[in-house]
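Numbering (our numbering), first residue to last: 4 to 169.
The C-beta atom is built at its ideal place from N, Cα and C for all residues, glycine as well.
What you are looking at is a predicted structure, and each value in this text was computed from that prediction instead of being measured.
What follows is a single structure, written as structure tokens, with notes after it.
Written out as structure tokens, the structure reads:
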């Protein structure tokens with residue numbers, strides 16, 4: 004059984020911060036809240052010694068914030084390139100590549116998508132990170148992504164229902 008140490012405690016804090024991000028129906032608020040979540044989660048992964056995941060989260064925090072300011076394709080490709088250039092050399096386990104792929108797809112979504120399409124692509128990213136966190140043994144990360152999947156599906160249904168009511 005995994006013990007709850009300082010690193011795992013930070014992961015649980017990230018879980019609480021992140022879960023509330025997925026309740027936002029407004030895309031910009033969602034992006035800003037994701038930025039805060041990713042900073043806390045980056046700290047968790049550094050403490051866990053999972054540097055590929057930490058690089059991914061750090062870059063994702065910057066990316067999420069940038070996506071609130073611009074929809075530039077150049078900026079989007081910069082972040083996708085950065086994910087691969089920083090992530091590949093730090094791979095410690097073959098399964099970690101799914102975090103880079105998921106983060107790349109999520110980057111595209113944050114710059115190019117809105118509404119339900121944005122949420123569905125972020126949902127795919129959550130499944131990538133859930134797989135990584137299960138294999139890594141991250142309690143907070145596993146709880147987090149499982150919850151994100153549920154809350155994101157709930158928010159997608161709320162968006163769909165609000166559009167149906169119009």
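Who are the Cβ neighbours of residue i in its own chain at under 8 Å, not counting the five residues just before and after it?
| i | result |
| --- | --- |
| residue 163 | 119 |
Keeping to the same chain, check which residues put their C-beta closer than 6 Å to that of residue i; ignore five residues upstream and five downstream.
| i | result |
| --- | --- |
| residue 146 | 18 |
| residue 138 | 98 |
| residue 133 | 148 |
| residue 121 | 112 |
| residue 126 | 155 |
| residue 150 | 22 |
| residue 107 | 83 and 86 |
With a CB to CB cut of under 7 Å and the five nearest residues on each side skipped, what residues in its chain are close to residue i?
| i | result |
| --- | --- |
| residue 197 | Missing from the structure shown is residue 197; the chain here goes from 4 to 169 and no further. |
| residue 116 | 124 |
| residue 135 | 56, 98, 99, 101 and 102 |
Alpha helix (DSSP H) containing residue i: first to last residue?
| i | result |
| --- | --- |
| residue 128 | 118-139 |
| residue 166 | 142-167 |
| residue 23 | 9-24 |
Classify residue i as helix, strand or coil using the three-state DSSP reduction.
| i | result |
| --- | --- |
| residue 115 | helix |
| residue 88 | helix |
Please confirm whether any heavy atom of the ligand COA lies closer than 7 Å to the CB of residue i.
| i | result |
| --- | --- |
| residue 114 | Ligands are entirely absent from the displayed structure, and the ligand COA is therefore not among its contents. |
Could you check whether the Cβ of residue i sits closer than 8 Å to any Cβ belonging to chain D?
| i | result |
| --- | --- |
| residue 27 | Judged by its chain identifiers, the structure shown contains no chain D, having just a single protein chain. |
Report yes or no: do the region 152-161 and the region 19-36 share at least 3 C-beta pairs separated by less than 8 Å? Yes: the two stretches touch, three or more of their Cβ pairs being nearer than 8 Å.
Is the region 28-43 close to the region 60-69, with three or more CB pairs under 8 Å? Touching, yes, given that three or more Cβ pairs across the two stretches are closer than 8 Å.
Fully enclosed by the region 32-85, which alpha helix (DSSP H) runs are 4 residues long or longer? Taking only runs of at least 4 residues, the alpha helix (DSSP H) segments lying wholly in the region 32-85 are 54-72.
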